[in-house]
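Participant:
Number of protein chains: 2
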Amino acid sequence: MNKIIVQKYGGSSVANIERIKKVARKIVDRAREGHKMVVVVSAMGNTTDELIKMAQKITKFPNERELDMLISTGEQVSIALLTMAIHSLGWEAISFTGMQAGIITNTVHTKAKVTTINQNKIKSALAKGKIVIVAGFQGINTNGDITTLGRGGSDTTAIALAAQLRATVCEIYTDVDGVYTADPRIVPSACRIPAISYDEMAEMASLGAKIMHYRAIDVARNYEVKIMVKSSFTEGKGTVIKEANTMLEKVMVRGVTHETNVGKIVIQGVPDVPGIAYKLFKALAEKEIMVDMIIQSSHHNEINDIAFTVALNDFNEAIRITNQIAEEIGAKGVISESKVAKVSIVGAGITSDPSIAARMFGALAKNDINIDMISTSNLRISCLINSSRLADAVRAVHKEFNLDKVGEE
Amino acid sequence: MNKIIVQKYGGSSVANIERIKKVARKIVDRAREGHKMVVVVSAMGNTTDELIKMAQKITKFPNERELDMLISTGEQVSIALLTMAIHSLGWEAISFTGMQAGIITNTVHTKAKVTTINQNKIKSALAKGKIVIVAGFQGINTNGDITTLGRGGSDTTAIALAAQLRATVCEIYTDVDGVYTADPRIVPSACRIPAISYDEMAEMASLGAKIMHYRAIDVARNYEVKIMVKSSFTEGKGTVIKEANTMLEKVMVRGVTHETNVGKIVIQGVPDVPGIAYKLFKALAEKEIMVDMIIQSSHHNEINDIAFTVALNDFNEAIRITNQIAEEIGAKGVISESKVAKVSIVGAGITSDPSIAARMFGALAKNDINIDMISTSNLRISCLINSSRLADAVRAVHKEFNLDKVGEE
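Those protein sequence lines, which keep their order, are chains A and B.
Per the numbering used here: the first sequence = residues 26 to 434.
Per the numbering used here: the second sequence = residues 26 to 434.
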């Protein structure tokens, strides 16, 4: 069998009929080069959001199985239209829903995880010379129910397929021509990063870079799937995401990311007995709510505060659960704040040089930006700040690390 | 197991969120009476037409497998929303796509026929006390491809389910409160028909009454499924469709129907050798094109014309096929006419009394309406006329048979 290329086109790349036709031409051009093509597509434009809005006009808390039934239609529309567009260019193509593509998930609705991929249908279509168009973001669980993979789900579909099919490369098409040192809308001097490691990219993604979802990058790293991030609209070199040890250059700080989709919750006056933090974070984890920054502060009278952040779409549910736990354990109260934002720097081994953290905090201080919470890992330093100062913060940090001078290769 | 009721709500009944909520209340009211409920739903409003328009912006002749993939999303949206609406009334409910409902069809796309229904999922959900919401109009073929059942497909889904589940009744909810002696928009004095036989209703439907599709009524007759046609919007007695021998009254002419979705094709100068009509109509049948009226006229020199009518949505394809056959058999040419319409009277044994046909032709003649073609069966007399005279024709015939005096039971 020829070499397989997996491509993924996001919602903006297929937002209307003209763009779908353009994407079809891009796919056929690549097929003409002799590649076997598997293409993963998202729902057109903001279809998913519109479907969710319809559901919320019916009930504030729609049943999640039914929500998946509803929103999975978005990708089904785009795969059918894209396949028709490829046909009209004279190429054989066939569309598959997540179920037809054999994408089996666990039974968690609205944020399911792919467990296995049954490749029979895809392989048999590829063997017949067909371009295979797969609905991103969706799968089927062992009950035969439609599931969706949550945010970045189409990326996960593409990477998982690339891994299972041993594709040469997984090309992620989006509305920018690669990964940048910061969001160019905030920092006009931001530069394209020619190559970046999985670890750094996963951090960038989880810290707010919209290019790809970190879950997908984790899968790519585990299966060593080479990723190319490119623009659907312009020609360009893009950004390659691959293993760190194959990269020539070593730059400490790779980029500045920001995230506004974040809310802060503080559970106050927690009795200082073991197991309480475990109880809280277990309850959140059971609802698949990811907690990001966590700070526990001790007071002299052995009563603690626990502060943490979650994504805004989990905010209300997280507040509800925290209130429940607070009552159970006899905490004083729960406060929450949604007008916060996170600014982060990313780079391998970033915390091994303490001067880097100092320079970041200094740049924020020089601009009178208060730091509310800090969290670090081997790959990143994140500061939670007031959301009104976010753009200033990103610009100050980007300048501090001379990221406008990354330059092209 | 309690008695099962199957209901079907058409596109206008679920055209917006408010109507979906209203339908949910109707369903729950019925469930409260102690019935096991299976509800078949169409796509919201004219969603299907809008999806087809999108496909046609991409290509004039979309691949039919992909068209089914595309348009089947319409029902998937409405079942999810309706199920959420039922949940918000505090009742258990679950939605099933055609595939999940076990609706297996043959492999003909865009007008598939149901071959079997695997009832496991539905029965198990009913046994758990859940209201089952099924996507109408769609199924899955043995290749695992999504198929759609063509015009009136949701009616067929409902009747087939009612037959298989041995439902007490299949309630068809639509935007009028029953079957009328003529379209009330054309004949304001038209009356609701309290009860009608399967045969008469099938004829009414195939002759243009929009209430139900004749295919669905054929299935109902074969399995003796009792049908109630009612309005989604108003309370009323509706029309019951059942076996003729259980009906008290005998009226000769039951109603006047009309059909504008019709085109006429004439193949001229056909050599008078056996098998030519067979060849033509076999070629049309292979494309699942239903031919309605057929007239073969002989000339003295043993050269014939064959005229026939098809539905307008099959018109272009039928012309293409007829041209092909015309060339093969050395016919003189093919002409077509789309500005035609059909007016029909329906009633059991209608042609056994020759005066009925005479009265119909007379009523048209008195109004200077030319009859282009005539076809009759035991149950109906149809006349093809110029479409510009259709409303006049319906009114004249309705009046001739005193149908504004059918009265209520």
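Just so it is clear, CB atoms sit at the ideal spot from N, CA and C, and this is done for glycine as well.
1) Short of 7 Å Cβ to Cβ, which residues in the stretch 107 to 125 of chain A face chain B?
2) Pull up the distance between the alpha-carbon of glutamine 101(B) and that of alanine 308(A), whole angstroms please.
3) Measure the alpha-carbon distance for alanine 230(B) versus glutamate 89(A) and round it to whole angstroms.
4) Please list the segments of the beta strand (DSSP E) lying wholly inside the stretch 291 to 336 of chain A, counting only runs of 3 or more residues, in order along the chain.
5) Using the DSSP secondary-structure output, state which residues sit across from phenylalanine 121(B) in a beta bridge.
6) Over the uninterrupted alpha helix (DSSP H) stretch that includes methionine 79(A), give me the two end residues.
7) Would you tell me roughly how many angstroms separate the C-alpha atoms of serine 37(A) and glutamate 196(A), rounded to the nearest one?
8) In the structure shown, what three-state DSSP assignment does glutamate 274(A) receive?
9) Flag this pair as yes or no: are the beta carbons of asparagine 286(A) and alanine 336(A) separated by less than 8 Å?
10) Verify the CB distance criterion: does glutamine 349(B) have a CB-CB separation below 8 Å to chain A?
11) Excluding five sequence neighbours on each side, which residues of the same chain lie with their C-beta closer than 7 Å to the C-beta of tyrosine 239(B)?
12) Evaluate aspartate 54(A) with the Cβ neighbour count: other Cβ atoms within 10 Å of its Cβ, from every protein chain shown; 16 or more gives buried, anything less gives exposed.
13) By the criterion of Cβ-Cβ separation under 7 Å, what are the contact partners of valine 53(B) in chain A?
14) Verify whether the separation of the beta carbon atoms of tyrosine 34(A) and valine 63(A) is less than 8 Å.
15) For the alpha helix (DSSP H) that serine 179(A) lies in, which residues bound it at each end?
16) Rounded to the nearest angstrom, what separates aspartate 208(A) and glycine 70(B) at their Cα positions?
17) At a cut of 8 Å, does the stretch 139 to 157 of chain A reach the stretch 112 to 127 of chain A through at least three beta carbon pairs?
18) Which chain B residues are close to leucine 95(A), counting only those with a beta carbon under 7 Å from its beta carbon?
19) Candidates Glu117(B), Phe86(B), Asp74(B), Ile29(B): which alpha carbon is nearest alanine 49(B)'s?
20) With DSSP as the reference, please indicate the residues paired to asparagine 411(B) in a beta bridge.
21) What number of angstroms, rounded off, separates the C-alpha of glutamate 43(B) from the C-alpha of tyrosine 198(A)?
22) Since I believe isoleucine 410(B) is in contact with isoleucine 396(B) (beta carbons under 8 Å), could you give me their beta-carbon distance rounded to a whole number of angstroms?
23) At the level of alpha carbons, what is the spacing between valine 11(B) and leucine 305(B)?
24) Please list the partners that asparagine 341(B) has in chain A, where partner means a Cβ-to-Cβ separation under 8 Å.
25) Is valine 298(B) buried or exposed, if buried means 16 or more other CB atoms sit within 10 Å of its CB?
26) In this structure, what does DSSP give as the bridge partners for serine 222(B)?
27) Which term fits proline 87(A), buried or exposed, when burial requires 16 or more other beta carbons within 10 angstroms of its beta carbon?
28) Considering only the beta carbon of each residue, do arginine 405(B) and isoleucine 370(B) sit closer than 8 Å?
29) For the beta strand (DSSP E) that contains isoleucine 29(A), what are its first and last residues?
30) Going by other Cβ atoms of all chains shown within 10 Å of its Cβ, with 16 needed for buried, is lysine 312(B) buried or exposed?
31) If you follow the alpha helix (DSSP H) that methionine 94(A) is part of, which residue opens it and which one closes it?
32) So that I know if they touch, is there some Cβ in chain A lying closer than 8 Å to that of threonine 182(B)?
33) What residues from chain A crowd round glutamate 91(B), counting only those whose CB sits closer than 7 Å?
34) Helix, strand or coil: how does DSSP classify histidine 283(B) here?
35) At least one CB of chain A closer than 8 Å to the CB of isoleucine 45(B): is that the case?
36) So which residues on chain A does glycine 169(B) lean against when the C-beta distance must stay under 8 Å?
Facilitator: Considering the structure as presented:
1) If you check each beta-carbon in the stretch 107 to 125 of chain A against every beta-carbon of chain B, the ones closer than 7 Å belong to Thr108, Met109, Ala110, His112, Ser113, Ser120, Gln125.
2) Here residue 101(B) corresponds to residue number 76 of the second sequence, with the count starting at 1. Here residue 308(A) corresponds to residue number 283 of the first sequence, with the count starting at 1. The straight-line gap from Cα to Cα measures roughly 33 Å.
3) On the second sequence, position 205 is the one that residue 230(B) refers to. On the first sequence, position 64 is the one that residue 89(A) refers to. Roughly 39 Å between the two C-alpha positions.
4) Entirely contained in the stretch 291 to 336 of chain A, the beta strand (DSSP E) runs reaching 3 residues are, in chain order, 316 to 323, 328 to 336.
5) As a first step, residue 121(B) is located in the second sequence; it is residue number 96 there, counting from the start. Bridge partners of phenylalanine 121(B): Val159(B).
6) Locating residue 79(A) in the first sequence gives position 54, counting from the first residue. In the DSSP assignment, methionine 79(A) falls within the unbroken alpha helix (DSSP H) covering 72 to 83.
7) Within the first sequence, residue 37(A) is the residue found at index 12, counting from 1. Within the first sequence, residue 196(A) is the residue found at index 171, counting from 1. Roughly 16 Å separates the two Cα atoms.
8) Here residue 274(A) refers to the residue found at position 249 of the first sequence. For glutamate 274(A), the predicted model reports a pLDDT of 48, less than 50, meaning its position is unreliable; a value from the coordinates is still stated below. The answer is coil: DSSP assigns glutamate 274(A) none of H, G, I, E or B.
9) In the first sequence, the residue the question calls residue 286(A) occupies position 261. In the first sequence, the residue the question calls residue 336(A) occupies position 311. A distance below 8 Å separates the beta carbons of asparagine 286(A) and alanine 336(A).
10) One-based indexing of the second sequence puts residue 349(B) at position 324. Not one chain A Cβ lies under 8 Å of glutamine 349(B).
11) The residue labelled residue 239(B) in the question sits at position 214 within the second sequence. Excluding sequence neighbours, tyrosine 239(B) sits near Ala227, Ala230, Ser231.
12) Indexing the first sequence from 1 puts residue 54(A) at position 29. Exposed, because fewer than 16 other Cβ atoms sit within 10 Å of the Cβ of aspartate 54(A).
13) Numbered from its first residue, the second sequence carries residue 53(B) at position 28. Residues of chain A whose Cβ lies closer than 7 Å to the Cβ of valine 53(B) do not exist; the shortest such Cβ separation is about 14 Å.
14) Position 9 of the first sequence, counting from 1, holds the residue named residue 34(A). Position 38 of the first sequence, counting from 1, holds the residue named residue 63(A). Against a cut-off of 8 Å, the Cβ pair of valine 63(A) and tyrosine 34(A) comes out as no contact.
15) Start at 1 with the first residue of the first sequence, and residue 179(A) comes out as number 154. Per DSSP, the unbroken alpha helix (DSSP H) holding serine 179(A) starts and ends at 178 to 189.
16) On the first sequence, position 183 is the one that residue 208(A) refers to. On the second sequence, position 45 is the one that residue 70(B) refers to. Roughly 42 Å between the two C-alpha positions.
17) Yes, they touch.
18) For the purposes of this step, residue 95(A) is identified with residue 70 of the first sequence, where counting begins at 1. At a C-beta separation below 7 Å, leucine 95(A) has these neighbours in chain B: Val102, Ala105, Leu106.
19) In the second sequence, the residue the question calls residue 49(B) occupies position 24. Checked all of Glu117(B), Phe86(B), Asp74(B), Ile29(B); the closest Cα to alanine 49(B) is Glu117(B).
20) Indexing the second sequence from 1 puts residue 411(B) at position 386. The partner list for asparagine 411(B) (beta bridge, DSSP) reads Val365(B).
21) By one-based count along the second sequence, residue 43(B) stands at place 18. By one-based count along the first sequence, residue 198(A) stands at place 173. Taking the Cα positions, glutamate 43(B) is about 39 Å away from tyrosine 198(A).
22) Reading the second sequence from its first residue, position 371 is the one you call residue 396(B). Reading the second sequence from its first residue, position 385 is the one you call residue 410(B). The C-beta distance from isoleucine 396(B) to isoleucine 410(B) rounds to 6 Å, short enough to meet the 8 Å contact threshold.
23) Chain B is shown only over 26 to 434; residue 11(B) falls outside these bounds and no answer can be derived.
24) In the second sequence, residue 341(B) corresponds to position 316, counting from 1. Near asparagine 341(B) there are no residues of chain A at all, since even the closest Cβ is about 18 Å away, more than 8 Å.
25) Residue numbering aside, residue 298(B) sits at position 273 when the second sequence is read from its first letter. By the 16-neighbour rule on beta-carbons within 10 angstroms, valine 298(B) is exposed.
26) For the purposes of this step, residue 222(B) is taken as residue 197 along the second sequence, with counting starting at 1. The bridge partners DSSP lists for serine 222(B) are Lys267(B).
27) For the purposes of this step, residue 87(A) is identified with residue 62 of the first sequence, where counting begins at 1. Buried: at least 16 other Cβ atoms inside 10 Å.
28) As a working note, residue 405(B) is residue 380 in the second sequence. As a working note, residue 370(B) is residue 345 in the second sequence. Yes, the pair counts as a contact, with Cβ atoms nearer than the cut-off.
29) On the first sequence, position 4 is the one that residue 29(A) refers to. Counting along the chain, the beta strand (DSSP E) containing isoleucine 29(A) begins and ends at 29 to 34.
30) On the second sequence, position 287 is the one that residue 312(B) refers to. So lysine 312(B) ends up on the exposed side.
31) By 1-based counting over the first sequence, the position of residue 94(A) is 69. Per DSSP, methionine 94(A) belongs to the alpha helix (DSSP H) from 89 to 112.
32) One-based indexing of the second sequence puts residue 182(B) at position 157. No, because no Cβ of chain A sits closer than 8 Å to the Cβ of threonine 182(B).
33) Reading the second sequence from its first residue, position 66 is the one you call residue 91(B). Chain A residues near glutamate 91(B): Ala105, Thr108, Met109, Ser120.
34) Position 258 of the second sequence, counted from the start, is the residue given in the question as residue 283(B). In the structure shown, histidine 283(B) falls within a strand segment according to DSSP collapsed to helix, strand and coil.
35) For the purposes of this step, residue 45(B) is taken as residue 20 along the second sequence, with counting starting at 1. Yes, because at least one Cβ of chain A sits closer than 8 Å to the Cβ of isoleucine 45(B).
36) One-based indexing of the second sequence puts residue 169(B) at position 144. Correct list: Gln125, Lys146.
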